[in-house]
Every structure is written in C-alpha cells, then in structure tokens.
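Reading the sequence shown from the start, the letters are residues 445 to 1056 in this note's numbering.
Reading through the structure tokens given below for one structure.
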Amino acid sequence: MRFSLTKNRWSLFIALAVILYVCSWPFFNYWLNPFTWDTFGYYLYLPMSFIHNDLGISDFSILEEVKKEQFISPTFYQINKTETGHWLIRYPMGLAVLHAPFFGIGHLFAKWLGYAQNGFSLPYQIAITSGSLFYISSSVLLLRKILLRWFRDHIVAITLLLLFFGTNIISQVTVSATMPHAILFFVYTLIIYWTIKWHENKSVTNSLLLGGIIGLAVISRPTEIVSVLIPLFWGVKNWREFKEKIAVIWKQHQKHLIFSVVAAFAIISLQLIYWKTYTGHFVYNSYNNVGEGLDLLAPHTLNVLFSFKKGWLIYTPMMLLSIAGFYFLKKERPAYFLPLFSFFILNLYLVSSWTCWWYAASFGQRALVQSYVVMAIGLAFFIQALFKMKKLSKYTATTLIIFFLGLNLFQNYQFRLGIIHGHRMTGAYYKAVFGKLAVQPGEFEHLLSFNRDLTFEESLKQYRYDITEIYKNSFESDENVTTEEVKRSGKKALVMNEAAPFSKDYASTYTNLTTEEYCWIEVRFWAYLTRPDANVNLVNTIVRSGDNYGYSANNLILDANNIDVNKWKEYVFHYQTPHIRSGNDEFKSYFWYCGGGEVYIDDLTITKYTPK
445 MRFSLTKNRW SLFIALAVIL YVCSWPFFNY WLNPFTWDTF GYYLYLPMSF
495 IHNDLGISDF SILEEVKKEQ FISPTFYQIN KTETGHWLIR YPMGLAVLHA
545 PFFGIGHLFA KWLGYAQNGF SLPYQIAITS GSLFYISSSV LLLRKILLRW
595 FRDHIVAITL LLLFFGTNII SQVTVSATMP HAILFFVYTL IIYWTIKWHE
645 NKSVTNSLLL GGIIGLAVIS RPTEIVSVLI PLFWGVKNWR EFKEKIAVIW
695 KQHQKHLIFS VVAAFAIISL QLIYWKTYTG HFVYNSYNNV GEGLDLLAPH
745 TLNVLFSFKK GWLIYTPMML LSIAGFYFLK KERPAYFLPL FSFFILNLYL
795 VSSWTCWWYA ASFGQRALVQ SYVVMAIGLA FFIQALFKMK KLSKYTATTL
845 IIFFLGLNLF QNYQFRLGII HGHRMTGAYY KAVFGKLAVQ PGEFEHLLSF
895 NRDLTFEESL KQYRYDITEI YKNSFESDEN VTTEEVKRSG KKALVMNEAA
945 PFSKDYASTY TNLTTEEYCW IEVRFWAYLT RPDANVNLVN TIVRSGDNYG
995 YSANNLILDA NNIDVNKWKE YVFHYQTPHI RSGNDEFKSY FWYCGGGEVY
1045 IDDLTITKYT PK
C-alpha cells in the first residue's frame, strides 16, 4: 500500500502542526529540568536500578548529592520509609518502563559528552524529555488513524485542532510533557487501537499486546484499571449482548483471552515484585499519607466539574461538546457507546474520589487529560453532527466552538503568565482577572483562596479572623500526672518524665473547630525545664482512623529563641490545619516527653483563628 500526501491531507497537516508545536516548545521557549516534583518520583526507578544498583535506596546520600546540584523539591516526599527499613518510591513504575529506552540513550550520551553518569545530568534530561515528546507525537498520529476509521478527513482535522488547542491538554503536552497524564494519553491511544485490532483479529500477538498495554496503564496509575471497560464492552449495546460476547469468547477464543490476562499480569507483576521485595507485601499502599487517597463514598464530582478552583468544564468548556457528542455516538454507532461512555463515567467518578481532587498546581483538571482519547471520539461525533444541523443551530454551535477555542488559548497563556493560579483560584478572582494580560503583583491576592505558604504572622496581616479560646487547663485536676512542688499558678502543674511521657490530649473533630477550609490553632503555655538537654515536644495533628496527617511536633528547645533552665518561660506555637480529608477527622494537641530531666507545664491555653 503506497503512502500518499494527498489522501486525508488536512488531518495530516493538523497532526504535523500539533507535533511541531509540541516538540519545539521545550527547546524554543524555556528549558525545564524534568526531574522535579512528581516526575522525579516516577523516574527514580531507572537511575537507582541501572546506575546505583540501590533500588531500596539504602544510600540516601545519592539523592542528597543530586539535590545539591539541582532543584528537585523542598522535601523528598516522593519516597517513603517502610517497616523493612528501605525507602520505597511512592509512585508506580509504569512511566519508568516507558522511559527506559530513552534513559539508556541518555546514559550513552552522558558518557560520550563527558557529563556525570548519575541519571540526572543534562543528557538524561534531554533524553527523557525527547522520549516524552516522542510518545506524545506518536499519540497524535495514532489518534488520527483511529478517528479516520469512522470519520472523514475534515472532521478528523477539526477534531485534532480543537482537542489540542481548545483544551487543557496543550498545557500538559508542553510545560508538563514528562508528567504521567500526557504520556498516558499515548497509552490510551494504544488501548483503543489494539481493542479495535483484537476484535478484528483475535491473534496471539494482538492478545498479548492488548493485555500488556492495559497492564502498563495500571502500573502507571492504578486507577487506570478502568481502561479495561473499553475492550470488555467493545461492540456490545446492552447487558444481553455483553453476556453473549463473553460466552463466545470463552468458547471460541479462550486461549487468546488467557494470553491477554497473562500479559497484563506479567506487566503488573513488576510492580508487585518491587513492593514485595522492599515492603514484604505484594500489594502495598505506597501513598502512606492517610490525609490523601481515594474516598469512593465521598466523590467531589461537582467541584471537579464546575468549581472555579479547578473545574474541568470551567477551564476546559470544549469538553461540553465532547460530552454532547456521546448522544450522537449512541445514535450512529450504538455498539461503541457503552464501552466509551461507561469508561467516561467511571473514570470521572474515580478522579473525583481522590481527596486532593484539584491535583495540585496545573491548568484545569490534569487528571482527566489521558481520557481525552475517548473524549476525542465524542468530540468528532459532535463535529460530524454539526455539519448536518440546521442553519441557526450550526451558527450557534460554531460560535461556541470559536469562543471555547479562543478562551482556552487565552487562559492557557494567562496560566503561563501566572495570572491564573495553579490551585488557589476562586470565582471572585476569576472574574477580576478575566480577559486581563497584566496584573500588578498582589493586586488581587485578597481574592485568591488562602495562601498556605504564609507564616502565622504574615497571614494575620493579610486575612481577618474570628479569635476564640477553645481550651484552657491549669492542671488542677488529676486527669494528668501533676505535682504541687513546681507550679506557676494555682496548686498544681503538669509533670512530664519517663514515667509520664504523654499528656492527656485535647481533641476535637474538625467540624467542631470550623466549617472553613482551614484555621490556625494557637497553643500558649508555660514550661519549666530542669536541664538544658530537655527533650519535650508539643504535638499538633489531625487523626483519621488512628493514623496521623498534618503532623507537627515542636521541640521546646529547638524551636525556642533561647533556653531558660529552672525558671518558668512562656511558649507560643501556631499550627495551620492541613487540607482536611473528612470533617469527622480529629484535631489533637498534646505534649510528648522524650527525656532530659523532668519538665513542668502550666497554664495551657488553646485558641483558634477562624477566617472571616
């Protein structure tokens, strides 16, 4: 079959234009070190395995040396200490598997060009970025190929144009090209392409490839298990047809089904073996922060869709047309409505069920970007229907499309300028900066949501608070171990030593503290230290199901400006509540003694500062 530049030339032109724009971005705008923040964690498997031979990260100095040379993140949140004593990479390894060939290329170039072969120097950065751009470029061409099976050239061309320049994927494939969402977009093009191929020809090769690709998606982000709905329901219109399909496959193609399952499990087993080796468990929750995770019974769907903080349809309204396209999909290709629409609904549910539903700093809902392969099909059906609409409907829809396209490009540019904030947007701020290309520093700061980077003193200058005393204890009762020998007021004071290492805690559910997204807690007390090596901490924390998050332990010696021994000294500490997972989670405050002579505590006061 001969290749022709004249056949389907408009979609080819748009696809190549998208590829050119995406691939030129990091080299002609500003270079970004890919090994920062989350991407550092996804990538870390490769240098620790193939260069340092220390996947369990027993030699932590390797990471410390890298951090001295280049910025990674303020803390190594990408890894966790396990009960076995190893450091475990928090993120799954799927992206590392995809990046492995390009890591090898970077390693060779680092040697030839005289750069450090540590896995993080410039040749590795260029290789991994180039690898990401290769996958993104391949996904554009493969998506075009998928769409051309169902749609004419001009429909595919318009769909590609609107998808890549009219949605927030343009931000992900440029400034965030090495993050998982853009690369998973490529994986989803493979899933749909090989789903089609497998249903046309249930060969061993197609079976192995389809299963392996789904396995790769799962070890890239475990929630991508939802992708199995696409091949599972492909070609069926209802439950009866689904049961008939399964029966036929089991009877006539059982071998090929087994090949797919085995291939998927073989890929997934790479992650299971890693967990087993370094934690002792085949299945392990590496997101060990109890304050963040899936809450399937409390999805934030309305926020994910419509909030000004990070609402998908607020910042990517083009997807309204894609959702509407499912209606036309059902009318024209009913056998493919169930797999694609069920995937859309369940994927939206899973994305919404993550407690950090805004997914940190990004333009729009980045966690939905990989699903745009499916959404592109819905969008194409809408565009196809547009050409058949009556004149008024056609003009109205076309006007909306042009507006959505222009709005996305403009707001994406605002995001790059820093006018649209990555995670502190509010409706009032959105309205204030709408249409603006220049904002004076701090001009609309008061309209953004709370800046969690501020200290207590800084926040008092910027925000207004209701101040309420919520707890007071002079330790006159026997609820704690008290003494009458050393006291500041009244008859008794709390005494802490090896026999009494913990004080009775103050506890309150978060909803009893405030209904706002945060509050400050001020803990004020007097302490009497009997030795200069006294080791006692004020602990403030949020407790969920017996586990802590937002944990803070202020050491009286380390955190004090000066040390006073054998005399009473007043201490004041402030605690900012974290993003709360549930209003029923408890705030607790207590003292923890760790040695260094007896310590006495008296006249404890806890005050909350609730934003007005």
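For every residue, glycine included, the Cβ atom is placed at its ideal position computed from N, Cα and C.
Could you work out which residue in the options is closest to residue i when comparing CA atoms only?
i	options	result
residue 981	455, 940, 706, 768	940
residue 999	973, 688, 979	979
residue 468	576, 553, 562	576
residue 741	775, 799, 787, 788	799
residue 771	788, 825, 570, 746	825
residue 864	478, 747, 808	808
residue 794	783, 811, 780, 781	811
residue 519	508, 1018, 846	508
residue 887	872, 896, 646	872
Does DSSP classify residue i as helix, strand or coil?
i	result
residue 989	coil
residue 1031	strand
residue 1020	strand
residue 447	With a pLDDT of only 47 at residue 447, under the threshold of 50, the placement of this residue in the model should not be trusted, and no figure is reported.
residue 1069	The structure shown does not extend to residue 1069, since the chain is modelled only from 445 to 1056, so the question has no answer here.
residue 857	helix
residue 488	coil
residue 1042	coil
residue 510	helix
residue 968	strand
residue 997	strand
residue 464	helix
residue 681	coil
residue 798	strand
residue 880	coil
residue 605	helix
residue 387	Residue 387 is absent from the structure shown; the chain starts at 445 and stops at 1056.
residue 616	helix
residue 743	coil
residue 564	coil
residue 885	coil
residue 763	helix
residue 644	helix
residue 890	helix
residue 625	helix
residue 501	coil
residue 803	coil
residue 834	coil
Strictly by DSSP, which residues pair up with residue i?
i	result
residue 1011	Paired residue(s): none; residue 1011 is not in a bridge.
residue 533	523
residue 980	1037
residue 944	941
residue 816	BP columns for residue 816 are empty, so no partner.
residue 911	1053
residue 927	937
residue 738	798
residue 917	1048
residue 953	1030
Check this for me: beta carbons of residue i and residue j, under 8 Å apart or not?
i	j	result
residue 909	residue 1055	yes
residue 516	residue 484	yes
residue 629	residue 818	no
residue 660	residue 638	no
residue 971	residue 1043	yes
residue 1030	residue 953	yes
residue 1047	residue 969	yes
residue 538	residue 572	no
residue 787	residue 670	yes
residue 664	residue 534	no
residue 923	residue 948	yes
residue 612	residue 813	yes
residue 967	residue 992	no
Since residue i and residue j are thought to touch, with beta carbons under 8 Å apart, how far apart are those beta carbons, to the nearest angstrom?
i	j	result
residue 501	residue 531	4 Å
residue 476	residue 692	In fact, because the Cβ distance is near 50 Å, the residues do not count as touching under 8 Å.
residue 1058	residue 707	This structure gives no information on residue 1058, because the portion of the chain shown stretches from 445 to 1056.
residue 820	residue 607	5 Å
residue 927	residue 936	7 Å
residue 524	residue 732	5 Å
residue 869	residue 677	Contact doesn't hold; Cβ gap of about 36 Å is too wide.
residue 455	residue 592	7 Å
Kindly examine the ligand FAD and report whether one of its heavy atoms sits closer than 7 Å to the Cβ of residue i.
i	result
residue 471	Judged by which ligands are present, the structure shown has none, so any question about the ligand FAD falls away.
With a threshold of 8 Å between beta carbons, is residue i in contact with chain B?
i	result
residue 989	Looking for chain B here will not work: only one protein chain is present.
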